[in-house]
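Protein chains in written order, with the numbering used here: chain A, 1 to 319; chain B, 1001 to 1332.
Cβ atoms here follow ideal geometry from the backbone N, Cα and C, with glycine treated the same way.
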Amino acid sequence: MPKQQPQAEQVPSGLVPKRQLGHTGVQVSALGIGGYHLGSVGTDRAALEIVAKALDHGIDFFDNCWEYHDGLSEERLGKALQGKRDHAFLMTKVCSHGRDKSVAMRMLEESLRRLQTDHLDLWQIHEVVYDNDPDLIFAPNGAAEALTAAKQQGKVRFIGFTGHKDPSIHLRMLEHKFPFDTVQMPLNCFDASFRSFETQVLPEVTRRGMAALGMKSLGGSGEMVRHGTITAHEGLRYAMSLPVATTISGIDTMEVLDQNLQVAVNFQPLSAAEMQGLRDRSRYFASDGRFELFKMTTKYDGKVGRQQHHFPTEQELPL
Amino acid sequence: MQQSSSGSIPLRQFGRHPVKISALGFGGHHVGDAPDEKTAIQIVQEAVDGGITFFDNCWEYRRGKTELWMGAGLKGRRDKVFLMTKTCPHGRDASLALQMLEESLHRLQTDHLDLWQVHGMCFDNDPELFIRPNGAAEALTKAKKDGKVRFVGFTGHQNFNVHLAMLNTGFPFDSVQMPLNVFDSNFRSFEQHVLPELNKRGIAALGMKPFGGHGDAIRAGVLTAQESLRYAMSLPVSTTITGMDSIDILHQNLRIAQNFTPMQAEEMTALRDRCKASAADGRYELYKLSLKFDNPESRIAHGFPVDTQQSEVRDMLGSELNTGHPFPEKHF
């Protein structure tokens, strides 16, 4: 999420509401803190303050990933949750990107060490975005077996996968009938009109009793807000009004945290008509995907996955 | 596909029309990579003399340089070739497409085209913008009626669903151009999804990128240049267009095309199987996955950011024709 103009309004008193995490019997906060941006913040101290304030307002869902900022995001979150681990629902992701179970298990140990904990609440396969990822993940000795093993060993409570590219890839993951607890995907009012996870994947996930986790509520880097099609409040409210367990939002300043808390504390969903209004307003700009480049191009694909798939680096192939 | 031999390269029928074109086509983009105009003219002339009749080009290639050089090369040989170029309104109005036609004719030193195609259909809303009132579809119809072009079609390299949506507009296309190579057969495949539809409708299928665009797979040793080109030419297409930026490459391709014998079905299956694992994530078909291979003109028309490192953007920024607008305000 980009820097926003500081808003005059204060964060209201009250808490971010909790929601059911699919069929798990566990509840999580309806707004989640994205882990990537914790590594983009200028100092450790500023990142720690963001986490502390989020906890104070009832946010307990914390996202992270083995490959974010080469481990810095996990290290910062580990520090921030020292003594508060039990107040958090802690998720991180594994980046084996088609490699063996043993690679995934080694990454799990590294993540646990950086996060200063002995277990995760949720462990997800990161960035399922290449067309052959489902085949590689479900190959014998692939990452799916690592998820099962980690759950059996009590190192993770729940398991899932994430991806930002194409609904068809998510659907192929679901076809394997693997007992995922969660599925993470981009959900925003532009997505509704373009290669839509909302219309193609979300109903499938819900029908199977899995928890849907939304991300990229403003387009990944706030492109939709900068363009002026929607405000940050509208974008976040739309995403949080969908049938998801939580909406994960990257926060790199206190101003952005406050802006999100203004929406999420005592959250009131949009009406069906209001949601339709936002979809209608966005449709023209959404229809060629320019505001969802993560679906169109390699721009949002991480370097570890690119290497494993023999793709050029970000410098060689910027878009 | 009907095939007969005239000169040295096999000729094939152009879709439902009683017109023959060479089974190997001369790609217009790469002629702009020749070191100078003299070399480019020589490549074009030798290509015609070697039996290539199908010539591809595009209004937006190298800011007009490729059309200018090809026009110079075809001087005195125009009647021997089937000349195609493309128009680049990218969703904008018919009038713009027709202005581009006048520029292309001028640069190519001719009064008519054999084929005029709408370039670079790749975004999900391109078909809708094409067929709308005052869209490019009306320009194709008018140019044909005015006798400035004999046939019309469209091209695109990114997403077969966009091609299918273009066909579903109901517009009477004579030709459709698309990437066809062994990697495509295993990844978001035009061969599987679009080619049968064209054959059924009697629309001429024009293959391109027989080497996967940049030959990366050949350099990686997955298959040879001869295998790549033979595979593409063995599909039910009217021609296979490939770029030739040097006399050596021209000679290599002429040799393969002049000695062409189609692959047997089993041979094609074996090659597909051999390339399957490295095709599955698109690593050798980045034009289906990255904006880097899209035309800057198209990105500008759609409001996309342009990649300033891309050679065509650098051309655009350094060009005398550049006016700061996507379409040079230059009229003939």
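| query | A/P203 by DSSP, collapsed to three states: which one? | reply | To locate residue 203 of chain A, count along the first sequence from 1; it is residue 203. Three-state DSSP puts A/P203 in a helix.
| task | Can you give me the start and stop residues for the beta strand (DSSP E) that A/P186 sits inside? | result | Taking the first sequence and counting its residues from 1, one reaches residue 186 of chain A at position 186. From DSSP, the beta strand (DSSP E) with A/P186 extends over 182-186.
| request: Taking only the alpha-carbon atoms, compute the straight-line gap between B/G1153 and A/S73 and give it to the nearest angstrom. | output: Locating residue 1153 of chain B in the second sequence gives position 153, counting from the first residue. Locating residue 73 of chain A in the first sequence gives position 73, counting from the first residue. Looking at the two C-alpha atoms, the distance is approximately 51 Å.
| query | Got a sec: is the Cβ-Cβ distance from A/R290 to anything in chain B below 7 Å? | reply | On the first sequence, residue 290 of chain A is found 290 positions in, with the first residue counted as 1. So, interface residue.
| query | Any Cβ of chain A within less than 7 Å of the Cβ of B/A1280? | reply | Here the question's residue 1280 of chain B lines up with position 280 in the second sequence. Yes, B/A1280 lies at the interface with chain A (some Cβ there is under 7 Å from its Cβ).
| What is the C-beta distance between B/M1084 and B/V1044, in whole angstroms, given that I count them as a contact (C-beta under 8 Å)? | The residue you call residue 1084 of chain B lines up with position 84 of the second sequence. The residue you call residue 1044 of chain B lines up with position 44 of the second sequence. 14 Å between Cβ atoms; not a contact.
| For B/K1292 and chain A, any beta-carbon pair shorter than 7 Å? | Numbered from 1 along the second sequence, position 292 holds the residue referred to as residue 1292 of chain B. By this cut-off, B/K1292 is an interface position.
| request: For the region 1113-1130 of chain B, enumerate the residues whose C-beta is nearer than 7 Å to any C-beta of chain A, in chain order. | output: F1123, D1124, N1125
| query | Secondary structure at B/M1121, three-state DSSP: helix, strand or coil? | reply | Your numbering for residue 1121 of chain B matches position 121 in the second sequence. The answer is coil: DSSP assigns B/M1121 none of H, G, I, E or B.
| message | Between A/S287 and chain B, is the shortest Cβ-Cβ distance under 7 Å, so that the two count as touching? | response | Position 287 of the first sequence, counted from the start, is the residue given in the question as residue 287 of chain A. Closer than 7 Å: yes.
| task | Specify the secondary structure class of A/F62 as computed by DSSP and reduced to three states. | result | If you number the first sequence from 1, residue 62 of chain A lands on position 62. Here A/F62 sits in strand by DSSP.
| query | Is the region 1184-1194 of chain B touching the region 1250-1265 of chain B in the sense that three or more CB pairs, one from each, lie closer than 8 Å? | reply | no
| task | Over the uninterrupted beta strand (DSSP E) stretch that includes B/F1151, give me the two end residues. | result | Taking the first residue of the second sequence as 1, we reach residue 1151 of chain B at position 151. Its beta strand (DSSP E) spans residues 1149-1155.
| request: Determine, using beta carbons only, whether B/R1077 comes closer than 7 Å to chain A. | output: Translated into the one-based positions of the second sequence, residue 1077 of chain B becomes position 77. Output row for B/R1077: interface = no.
| Under 7 Å between the Cβ atoms of B/F1171 and B/A1204? | As a first step, residue 1171 of chain B is located in the second sequence; it is residue number 171 there, counting from the start. As a first step, residue 1204 of chain B is located in the second sequence; it is residue number 204 there, counting from the start. No, Cβ-Cβ distance for B/F1171 and B/A1204 is not below 7 Å.
| message | Closer than 8 Å is the cut-off here; do at least three beta carbon pairs connect the region 1247-1262 of chain B with the region 1296-1309 of chain B? | response | no
| Are the region 156-171 of chain A and the region 122-134 of chain A touching by the rule of at least three beta carbon pairs closer than 8 Å? | yes
| message | Distance check for A/F197 and A/H227, CA to CA, integer angstroms please. | response | If you number the first sequence from 1, residue 227 of chain A lands on position 227. If you number the first sequence from 1, residue 197 of chain A lands on position 197. The straight-line gap from Cα to Cα measures roughly 22 Å.
| message | List, in chain order, every chain B residue whose beta-carbon is nearer than 8 Å to that of A/F194. | response | On the first sequence, position 194 is the one that residue 194 of chain A refers to. The answer, in chain order, is D1124.
| Cβ-based neighbour list, A/S96, same chain, cut-off 6 Å, excluding 5 preceding and 5 following | Taking the first residue of the first sequence as position 1, residue 96 of chain A is located at position 96. Closer than 6 Å at the Cβ level, and outside the excluded window around A/S96, lie V103, A104, A143.
| field | 9 Å Cβ cut-off: residues of chain B touching A/T298 | value | The count along the first sequence starts at 1 and reaches residue 298 of chain A at position 298. Residues of chain B passing the Cβ test: L1286, L1289, S1290, L1291, K1292.
| Cβ atoms of A/S217 and A/N260: under 7 Å apart, would you say? | Position 260 of the first sequence holds residue 260 of chain A. Position 217 of the first sequence holds residue 217 of chain A. Not a contact, by the Cβ cut-off of 7 Å.
| When the Cα atoms are used, what is the spatial distance from A/V26 to B/G1135? | If you number the first sequence from 1, residue 26 of chain A lands on position 26. If you number the second sequence from 1, residue 1135 of chain B lands on position 135. Taking the straight line joining both Cα atoms gives about 54 Å.
| request: Since I believe B/H1030 is in contact with B/E1297 (beta carbons under 8 Å), could you give me their beta-carbon distance rounded to a whole number of angstroms? | output: In the second sequence, residue 1297 of chain B corresponds to position 297, counting from 1. In the second sequence, residue 1030 of chain B corresponds to position 30, counting from 1. B/E1297 to B/H1030, Cβ: 18 Å. No contact.
| request: Since I believe A/L270 is in contact with A/Y238 (beta carbons under 8 Å), could you give me their beta-carbon distance rounded to a whole number of angstroms? | output: On the first sequence, residue 238 of chain A is found 238 positions in, with the first residue counted as 1. On the first sequence, residue 270 of chain A is found 270 positions in, with the first residue counted as 1. Sure, about 6 Å apart at Cβ, within 8 Å.
| Helix or strand or just coil, what does DSSP make of A/Q10? | As a working mapping, residue 10 of chain A is identified with position 10 in the first sequence. Reduced to three states, the DSSP call for A/Q10 is coil.
| Do you know offhand how far B/Q1042's Cα is from B/W1059's? | In the second sequence, residue 1042 of chain B corresponds to position 42, counting from 1. In the second sequence, residue 1059 of chain B corresponds to position 59, counting from 1. The alpha-carbon atoms of B/Q1042 and B/W1059 are separated by roughly 21 Å.
| said: By alpha-carbon positions, which one of A/E175, A/T92, A/A149 ends up nearest to A/L115? | reply: Position 115 of the first sequence holds residue 115 of chain A. Nearest of A/E175, A/T92, A/A149 to A/L115, Cα basis: A/T92.
| Is the beta carbon of A/F190 less than 7 Å from the beta carbon of A/M173? | In the first sequence, the residue the question calls residue 190 of chain A occupies position 190. In the first sequence, the residue the question calls residue 173 of chain A occupies position 173. Going by C-beta atoms, A/F190 is not nearer than 7 Å to A/M173.
| said: Distance cutoff 7 Å, beta carbons only. Does A/H170 sit that close to anything in chain B? | reply: Taking the first residue of the first sequence as position 1, residue 170 of chain A is located at position 170. No, no contact with chain B.
| request: Sort A/M254, A/G98, A/R290, A/V156 by Cα distance to A/V51 and report the nearest one. | output: Here the question's residue 51 of chain A lines up with position 51 in the first sequence. The shortest Cα separation from A/V51 among A/M254, A/G98, A/R290, A/V156 belongs to A/M254.
| request: Could you tell me which uninterrupted beta strand (DSSP E) segments, each at least 3 residues in length, are contained entirely in the region 1165-1242 of chain B, listed from first to last along the chain? | output: 1175-1179, 1204-1208
| said: Taking 7 Å as the threshold (C-beta atoms), are A/K101 and A/N141 in contact? | reply: Taking the first sequence and counting its residues from 1, the one referred to as residue 141 of chain A is at position 141. Taking the first sequence and counting its residues from 1, the one referred to as residue 101 of chain A is at position 101. In this structure, A/K101 lies closer than 7 Å to A/N141 by Cβ.
| task | Would you list the one or two residues that DSSP bridges to A/H176? | result | Here the question's residue 176 of chain A lines up with position 176 in the first sequence. Looking at the DSSP assignment, A/H176 forms no beta bridge with any residue, so it has no partner.
| Going by beta carbon distance, what residues of the same chain come within less than 7 Å of B/F1183, once the five residues before and after it are set aside? | The residue given as residue 1183 of chain B occupies position 183 in the second sequence. Here the set comprises G1212, A1217, C1275, A1279, Y1284, E1285.
| query | Hey, would you say the C-beta of A/D133 is under 6 Å away from at least one heavy atom of the ligand MG? | reply | The model depicted lacks the ligand MG and carries no ligand whatsoever.
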